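In the numbering used here, the protein residues as written are 920 to 1168.
Shown next, in the form of structure tokens:
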């Protein structure tokens, strides 16, 4: 998909990215845990944005894809810093974050940090607070002991090699939680969720809907769609959600 560009974040991490200039608001794709910017959804949205003459950014968090660092060293807070740095350095004016899975959590953190720049928000199988509500809440006593003694645990994945979940990721995640305090989203929000998703439950999507304060927030449940949410009809739904949030600009 062409050669990536890179920049150094204020924290000294080398962040790889692709961006295409165009009319705003900027569409910023935020990928999932251990995903990279070459994923189906990111590349699809980039092609759509280019065809529409719209500004678009996709990038790799540190420890992901072509960016510096290793996944095992990272945590939600690091990737939030990467997201803030990428948006600040590479985009101007209003943005529409499109967050997939962990990227949905990142999009919500971004919205809390810089609400004045958010034109609207789209999430796909958003996974806010998953380190606490998904991982820690379901760890066995043996896993919690391993986290203390070894510093990490291995979790199986339906999509790739096991995840190495560090003690730092769990502890840092508690500083990034968005479902424990008021979450004001003063812009259009569109959430997409598959009912066959084994990584993020529909209950998580409903909890986010119930918790957030937003005058224009809609959740679309898609029967039998899985966590990838990347077949032709799902990609079309993501495009439609972005168009909806754009509001006819």
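For every residue, glycine included, the Cβ atom is placed at its ideal position computed from N, Cα and C.
All values derive from a computational prediction rather than experimental measurement.
_Nearest candidate by alpha-carbon position, reference residue 1237, set 1023, 1050, 1058_ = Past the boundaries of the shown model lies residue 1237; the chain is included only from 920 to 1168, so the question cannot be answered.
*Thinking C-alpha only, which one of 971, 949, 1000 is nearest residue 927?*
1000
*Does the Cβ-Cβ distance between residue 1091 and residue 958 come in under 7 Å?*
no
_Backbone CA spacing between residue 1028 and residue 1062 [nearest angstrom]_ = As the crow flies, the alpha-carbon of residue 1028 is around 28 Å from that of residue 1062.
*From which residue to which residue does the beta strand (DSSP E) around residue 934 run?*
933–939
*Please list, in chain order, all residues of the same chain as residue 1081 whose beta carbon is under 8 Å from its beta carbon, the five residues on each side excluded.*
1073, 1074, 1075
*asked:* At 3 residues or longer, what runs of the beta strand (DSSP E) sit wholly inside the region 993–1048?
replied: 1014–1019, 1040–1043
_Tell me the DSSP secondary structure of residue 1133 in three-state form._
coil
*Go ahead and label residue 1147 buried or exposed: buried means 16 or more other beta carbons lie within 10 angstroms of its beta carbon, across all protein chains shown.*
buried
*Please report how far the alpha carbon of residue 1151 lies from the alpha carbon of residue 1142, in whole angstroms.*
Each residue's Cα considered, the two are about 14 Å apart.
*Got a sec? Which residues, its chain only, sit under 6 Å from residue 975 by beta carbon, not counting five neighbours each side?*
Within the same chain, 939, 946, 965, 968 come within 6 Å of residue 975 by CB-CB distance, once the 5 residues on both sides are set aside.
*According to DSSP, is residue 960 helix, strand or coil?*
helix
*Go through its chain and collect everything with a Cβ distance to residue 1026's Cβ below 7 Å, but skip five positions before and after it.*
These residues qualify, in order along the chain: 949, 1016, 1018, 1040, 1042.
*From residue 1163 to residue 1109, what distance separates their C-alpha atoms?*
8 Å
_Quick check for students: name the residue ranges of the beta strand (DSSP E) that lie wholly in the region 1052–1119, counting only runs of 3 or more._
DSSP assignment within the region 1052–1119 yields the following whole beta strand (DSSP E) runs of 3 residues or more, N-terminal first: 1071–1074, 1082–1085, 1108–1113.
*What distance in whole Å lies between the Cβ atoms of residue 1054 and residue 1084, which are believed to be in contact at a cut-off of 8 Å?*
6 Å
*How should residue 960 be labelled, buried or exposed, when 16 other C-beta atoms within 10 angstroms of its C-beta is the threshold for buried?*
buried
*Note down the Cα distance separating residue 1006 from residue 1153, rounded to an integer number of angstroms.*
26 Å
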